[in-house]
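Reviewing the structure listed below.
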Amino acid sequence: MLKVDKLNQFYGGSHILRDVSFEAPVGEVTCVLGRNGVGKSTLLKCLMGQIPARSGQVSWQGEDLTRRAPHQRVQRGIAYVPQGREIFARLSVEENLKMGLARFGGRAGREIPDSVYQMFPVLREMKHRRGGDLSGGQQQQLAIGRALVSQPSLLILDEPTEGIQPSIIKEIGEVIKSLAARGDMAILLVEQYYDFAEALADRYVVMARGEVVKAGRGADMPADGVRDLLAI
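Add 5 to a position in the sequence shown, counting from 1, and you land on the number used in our numbering.
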């Protein structure tokens, strides 16, 4: 599992992450919820090594990754879909997907798994189109597909519903469900959209002012008043 233990981070004099601790097991969807500015994206950048943690520990499958570089974390089977998608607009859909093969060598480093096209058929239909020509929802599917090409055992998603039309939100939700059902992947989902998170979460973590203020099982989110916590 992913284990985050007492993670702290600062920007200048501002304490952005305050002793953040939680676990994300394989075979489950763990949702991190909170309003804008509570430190969710900073947390994910620390998990990926894009920002060094000031203190605390990040471990995956029992290995301490806290001081590992981003590419070393990718080699350990961690994939990250950032907020805003960050696809390569001038590259084709197929070329964008092939970026996810960088962790592999030989034939595996050249061929896009057909399972990705099965999950997102539009990517097959548009594989020769430039990424920048796709709609926002299609670009989000491309960003997730690029992450899945690396065949991760930990998939980290930063607000995949942001700015996306409802029909594609539903498709993305179904893909996340199917990935979790396989039982060989931990999924960490950062989300502001409560209904989307509640439908998917096996576990939830609520952040406010840089710290975890509540955590529990996804099935208990309504009884635990999580929706009200997001409105505070």
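We put the CB at the ideal spot given by N, CA and C, even for glycine. Bear in mind the structure is a predicted one, so any value in this text is a computation, not a measurement.
What do you reckon, are the CB atoms on Gln-144 and Ile-177 nearer than 8 Å? no
Taking the alpha-carbon of Leu-52 as reference, which of Leu-106, Ile-161, Gln-197, Gln-88 has the nearest alpha-carbon? Ile-161
Is the CB-CB distance between Leu-102 and Gly-61 below 8 Å? no
Of the listed residues Gln-123, Ser-97, Asp-229, nearest to Asp-138 (C-alpha basis): Ser-97
Per DSSP, what kind of secondary structure is Tyr-122 in: helix, strand or coil? helix
DSSP three-state assignment for Lys-132, whether helix, strand or coil: coil
Across which residues does DSSP place Asn-13 in a beta bridge pair? Ser-60
Whole-number beta carbon distance between Asp-163 and Val-127, since they are thought to touch under 8 Å: Val-127 to Asp-163, Cβ: 21 Å. No contact.
Per-residue burial, Val-2 [other beta carbons within 10 Å of its own, 16 or more giving buried]: Nothing can be reported for residue 2: it is not among the residues displayed for the chain, which extend from 6 to 237.
Which whole-angstrom value describes the C-beta separation of Pro-157 and Gly-82, a residue pair presumed to lie in contact below a C-beta threshold of 8 Å? 5 Å
Assuming Arg-95 contacts Arg-135 under a Cβ cut-off of 8 Å, what Cβ separation, rounded to an integer in Å, is found between them? 6 Å
So, does the stretch 39-56 touch the stretch 209-217, judging by three or more C-beta pairs under 8 Å? yes
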